[in-house]
Structure formats: C-alpha cells, structure tokens
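Participant:
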Amino acid sequence: MYPRRILTKKLSQTDVKHRMTIPMESFKVFQIPQGKHSEQFDVIDIKTGRSWRFRCSTRKKDFYPKPVLSSGWIQYVREKGLGKGDKVSFFLVQKDGEEGLRLGVQAQKKLIRLLGKDCWDTV
1 MYPRRILTKK LSQTDVKHRM TIPMESFKVF QIPQGKHSEQ FDVIDIKTGR
51 SWRFRCSTRK KDFYPKPVLS SGWIQYVREK GLGKGDKVSF FLVQKDGEEG
101 LRLGVQAQKK LIRLLGKDCW DTV
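Each residue of the sequence shown is one higher than the one before, starting from 1 at the first, in the UniProt record's numbering.
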C-alpha cells in the first residue's frame, strides 16, 4: 500500500458519540455526486486491511454543507475503543497490483505523555 495522508483529526466528544465532522478543506475527497446529499464509501483500515463502510452526508438546505461521517462511523469508533482526544487519519491508498485509489483510515490512541510529548498507539 502507498498511503498519502489527506486528513488527521483529534476527535471531539461529538465525533466519538454521534458523528464525525469533516473539515471543509478535506471534503472534496469524499466526492458526493452533484444533487445528492450523502454517499457511502468503502474505507480500508490501514493497520488491519479490514474494509469499513462509512456514509458521508451534508446538510440539505444550507450554504455551508457541514459534511459528517455517520453510518458505520460509530461502529468503527467503538470497535477501536476510541475516545475524545484520540486521533483518526484518512489517506488515499493505492494497493499493490490494483488500479485506482481508495480511502484508507487509521486510528491512534493516546497512551501517555512523556517528557512533554504525547505517545500514540495505532489501533
């Protein structure tokens, strides 16, 4: 796999309990077709290779679309044991021998703070 990071986010309480908000500067990667307000995406877990299906959706009636990940996202959060302050990164991934790019995801839990630096574990 050849990942290229497109987004890293420190998770908020809302991100781990309800839905993850996507910063607008990263929204274009999720490519919701014109005229639609949601789309499902298959996302590959960078660590395990497992495929996850997330739904990205936007507001139907607002100038600012406020994109969020909903369906499938909370299951991922629970399975990874993520909480407020943990991090998640999304990547564009090209798997060996495959055409095109896919979305990849990687979660990190904060272990400890050591000598003024946070130590993270990829889960």
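The C-beta atom is built at its ideal place from N, Cα and C for all residues, glycine as well.
Since we're looking at a predicted model, the values are computed, not measured.
Within the chosen definition, does the segment 39-53 reach the segment 94-108 through at least 3 CB pairs nearer than 8 Å?
Facilitator: Taking 8 Å as the limit for Cβ pairs, the verdict is that the segment 94-108 does touch the segment 39-53.
Participant: What residue ranges within the UniProt domain "TF-B3" (5-109) form continuous beta strand (DSSP E) runs of no fewer than 3 residues, ordered along the chain?
Facilitator: Counting whole runs of 3 or more residues, the UniProt domain "TF-B3" (5-109) contains the beta strand (DSSP E) stretches 38-45, 51-57 and 87-94.
Participant: What distance in whole Å lies between the Cβ atoms of Lys110 and Gly85, which are believed to be in contact at a cut-off of 8 Å?
Facilitator: In the sequence shown, the residue the question calls residue 85 occupies position 85. In the sequence shown, the residue the question calls residue 110 occupies position 110. Contact holds; Cβ gap of about 6 Å.
Participant: Secondary structure at Leu111, three-state DSSP: helix, strand or coil?
Facilitator: Position 111 of the sequence shown, counting from 1, holds the residue named residue 111. DSSP places Leu111 in strand when its eight states are reduced to three.
Participant: Checking 8 Å against the spacing of the C-beta atoms, do Arg53 and Gly72 come in under that value?
Facilitator: Your numbering for residue 53 matches position 53 in the sequence shown. Your numbering for residue 72 matches position 72 in the sequence shown. Against a cut-off of 8 Å, the Cβ pair of Gly72 and Arg53 comes out as a contact.
Participant: Establish whether the CB of Leu111 and some CB of chain D are separated by less than 8 Å.
Facilitator: Among the chains in the structure shown there is no chain D, since it carries only a single protein chain.
Participant: Taking the beta carbon of Cys119 as the centre, do at least 16 other beta carbons fall within 10 Å, making it buried, or is it exposed?
Facilitator: Taking the first residue of the sequence shown as position 1, residue 119 is located at position 119. Label assigned to Cys119: exposed.
Participant: Given this structure, state the Cα-to-Cα distance separating Val77 from Leu69, to the nearest angstrom.
Facilitator: Locating residue 77 in the sequence shown gives position 77, where the first residue counts as 1. Locating residue 69 in the sequence shown gives position 69, where the first residue counts as 1. Distance between the alpha carbons of Val77 and Leu69: 11 Å.
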